[in-house]
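Novice:
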Amino acid sequence: MLDMKFIRENPEIVKNACRVKNFPDVVDDILSLDVRVRELKTITQTKTAEKNKLSREIPTATDKAPLIAKSKQIGEEIANDLAELDEKEAKLNDLLHRVPQIPSADAPVGADDSANIEVRRVGTPRTFDFTPRPQWELLDMNGWWMPEKIAGVCGTRTYCLCGELAELSLAIQTYVIQKLISKGFKYIECPPVTKPQAVFNAGHFMGSDLSIMNDDVFMLSGTDRCLAATAEIILNSLHADDILTENELPIKYAGFSTCFRKEAGAAGRDTRGLVRFHHFDKVEQYIFCRPEESDEMHEFLLNNLCEVVGDLELPYRVIANSTGDMGFNKVKQNDVEAWFPSENAYRELGSCSSIGQFQARRTNTRYRENATGEVKFVATLNNTGIALPRALVPVIENHQNADGSVNIPKKLQPLMGGRTKIGGKH
RNA sequence: GGAGAUGUCGCAUAGUUGGUCUAGUGCGCCACAUUGGAAAUGUGGUAUACGGGCAACCGUAUCAUGGGUUCGAAUCCCAUCAUCUCCGCCA
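For the first sequence, the numbering used here assigns the number 190 to the initial residue and increments by one for each residue that follows.
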């Protein structure tokens, strides 16, 4: 959410954000509600002050009855005003949670991903001297998965990895975690089960009604819990209501969790191979920092993901996502896409996002500034570290050999017991 | 899952026959004084949010959370949550 004062003082900026991000403009409703809410607060507080004064006089008064009567009467007036205040404030609160984050000035403006800009391209897609196999053929011939079996047992959009590919998946995960630890991240194993409030805090959803997320989140039947779609949800709320010291910042967390998604809007898409499931494993980078250093941290996070993809020896490109494509809570977003030979296209492996103070307002995560002693909201950022099994797809497709074996990227070989390749006819 | 206990202003605590509690004390922290410097000591200060005000400042709320009783609640009632101890179950 945004700061009410900011909206009050910069309505045009906020209206513009609603426009370029494709969200309904509720700014005028907010402004008029805000005026009434403040009016009511002033009135009720003045009356309460009067009532408190009377209450203090009563114990020592000789004639208590008239004071009690007066106090009682003021109490009734306050109750009426409060009823209206509660209603108006709830409405205002809901609308405030429908205002999107202001996008960065350098973000491309556009309605959807067609307005995204390619920032840079690293590496060149390999030219094969044989006909490369798509991921599912490699998976089949090497016995690295059992799609029909798993679909039968667990349903659609689930997967299992078998044998050496499962080992490689674990090696990649370990590699990324170790890399992030070496860059100053604290590794956190996050629970996949959480409360809807934490999902709300992450700021992906609009409004203050938590029930709307039922369409997108797996609720655990008969409980008040749900399955988290990303470790970001847990990491973001890890300092809820804290006042951190400036010296603690930036806080860097590398969170691992299995992620659960309904993929309700993706029916029929990516049904073959290891691209899209109801569950997957992800190492997430997450940072709490001073707002002034947010841009610097964004580059840091983005670079970490680029390094990981580079270490996997994959051609990739970096995208600047447009205002319409970046989502409700984001200031800016850069997707990192790797080359998928079977699709003859670059596809997303991770997404680096600056959230500004949007999530921090929802979690009430603040820090005390050394110089001024002022308490301010922190800025938060997140990026993928690695998402599996999707990241395995470009790895096996780009590094495949004619015999169906797959070369292991050099940096991963130590974690694979020194092996240089897996699969094929040994 | 069963039984019991607890939850106070950074930490530790006082406060439970409702009203000098606008929450006391100790520690910590900050400032000043004292000192050649320090320790010790002394004095003062020490939260967050919101509303009002150019400002100094004033007001309101917060004693786990949410309700309730009352003119008035840290204190009484109800619900919820969390923590601890024991039992049960279990990777």
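Glycine included, C-beta positions come from ideal geometry on N, C-alpha and C. As the structure is a computational prediction, the values presented were derived from the model and not from experiment.
Can you tell which of PRO504, SER540, ASN553 and GLN548 has the C-alpha that lies nearest to the C-alpha of ALA534?
Specialist: PRO504
Novice: Would ASP413 and LYS451 be called neighbours here (beta carbons separated by less than 7 Å)?
Specialist: no
Novice: In angstroms with no decimal places, state the Cα-to-Cα distance between MET193 and GLU496.
Specialist: 39 Å
Novice: How close, in whole Å, do the beta carbons of PRO289 and ALA206 come, if the pair is a contact with beta carbons under 8 Å?
Specialist: 6 Å
Novice: Which whole-angstrom value is the C-beta distance of CYS379 and ALA420, which I expect to be below 8 Å?
Specialist: 4 Å
Novice: So, at 7 Å on beta carbons, what are the nonlocal neighbours of THR137 in its own chain, with the 5 sequence-adjacent residues on each side left out?
Specialist: This structure cannot speak to residue 137, because the chain is shown only from 190 to 615.
Novice: Nearest to GLY332 by CA position, among PRO321, ARG346, CYS351 and THR347, is which residue?
Specialist: CYS351
Novice: Please report the straight-line C-alpha distance between VAL567 and ALA254, rounded to a whole angstrom.
Specialist: 52 Å
Novice: Going by DSSP, what residue range makes up the beta strand (DSSP E) through LEU191?
Specialist: Where LEU191 is concerned, there is no enclosing beta strand (DSSP E), given that its DSSP letter is neither H nor E.
Novice: If I follow the unbroken alpha helix (DSSP H) through THR363, where does it start and stop?
Specialist: 352-371
Novice: Please name the residue, chosen from LYS230, ASP431 and PHE374, that lies closest to VAL564 on a Cα-to-Cα basis.
Specialist: ASP431
Novice: What is the DSSP secondary structure of ARG197, counted as helix, strand or coil?
Specialist: helix
Novice: Select from THR383, SER400, ALA391 and PRO381 the residue whose C-alpha is nearest the C-alpha of ARG550.
Specialist: Of THR383, SER400, ALA391 and PRO381, the residue nearest in Cα terms is ALA391.
Novice: Report the rounded CA-to-CA distance for GLY299 versus ASN523, giving the unit in angstroms.
Specialist: Cα to Cα, GLY299 sits roughly 15 Å from ASN523.
Novice: Using a threshold of 7 Å, state whether the C-beta atoms of SER260 and LYS242 are closer than that.
Specialist: no
Novice: Where does the unbroken beta strand (DSSP E) through PHE469 begin, and where does it stop?
Specialist: For PHE469, the enclosing beta strand (DSSP E) has its first and last residue at 468-478.
Novice: Using three-state DSSP, classify SER293 as helix, strand or coil.
Specialist: coil
Novice: Beta-carbon within less than 7 Å of THR609's beta-carbon, same chain only, minus the 5 sequence neighbours each way: which residues are those?
Specialist: ASN596, ILE597 and GLN602
Novice: DSSP three-state call for ALA568: helix, strand or coil?
Specialist: strand
Novice: Quick one: residues in its chain with C-beta nearer than 6 Å to the C-beta of LEU285, no 5 flanking neighbours on either side, listed in chain order?
Specialist: MET190
Novice: Quick one: residues in its chain with C-beta nearer than 6 Å to the C-beta of VAL584, no 5 flanking neighbours on either side, listed in chain order?
Specialist: LEU501
Novice: Roughly how many angstroms separate the alpha carbons of GLY562 and THR434, rounded to a whole number?
Specialist: 10 Å
Novice: What is the residue span of the alpha helix (DSSP H) that ASP327 lies within?
Specialist: Note on identity: in this sequence residue 327 is Leu, with Asp being the wrong assignment. First-last of the alpha helix (DSSP H) with LEU327: 324-331.
Novice: Among all the DSSP beta bridges, which residues are the ones paired with ARG555?
Specialist: ILE432 and PHE566
Novice: Using the C-alpha atoms, what's the distance from ALA272 back to PHE394?
Specialist: 28 Å
Novice: Are the beta-carbon atoms belonging to CYS541 and ASN572 less than 7 Å from one another?
Specialist: Contact annotation: CYS541 and ASN572 have beta-carbon atoms nearer than 7 Å.
Novice: Out of ASP252, ASN510 and ASP275, which one is the CA nearest neighbour of ARG309?
Specialist: Per the Cα distances, ASN510.
Novice: How about ILE361 and CYS349: are their beta carbons less than 7 Å apart?
Specialist: no
Novice: Quick one: grab the DSSP three-state call for SER543.
Specialist: Reduced to three states, the DSSP call for SER543 is strand.
Novice: Leaving out five residues before and five after GLN589 in sequence, what residues of the same chain have Cβ atoms less than 7 Å from its Cβ?
Specialist: PRO321, ARG322, LEU327 and VAL595
Novice: Taking all protein chains shown into account, decide if PHE469 is buried (16 or more other Cβ within 10 angstroms of its Cβ) or exposed.
Specialist: buried
Novice: Of all the options CYS448, MET486 and GLY539, which has the alpha carbon lying nearest to the alpha carbon of LEU494?
Specialist: GLY539
Novice: If you measure between the beta carbons of LYS441 and PHE374, is that distance less than 7 Å?
Specialist: yes
Novice: What's the C-alpha gap between LYS368 and VAL498?
Specialist: 12 Å
Novice: Let me check understanding here. Comparing Cα to Cα, which of GLU526, GLU537, GLY593 and ARG555 lies closest to VAL311?
Specialist: GLU526
Novice: Mind checking ASN139: buried by the 16 CB within 10 Å criterion, or exposed?
Specialist: No answer is possible for residue 139: it lies beyond the span of the chain, which begins at 190 and ends at 615.
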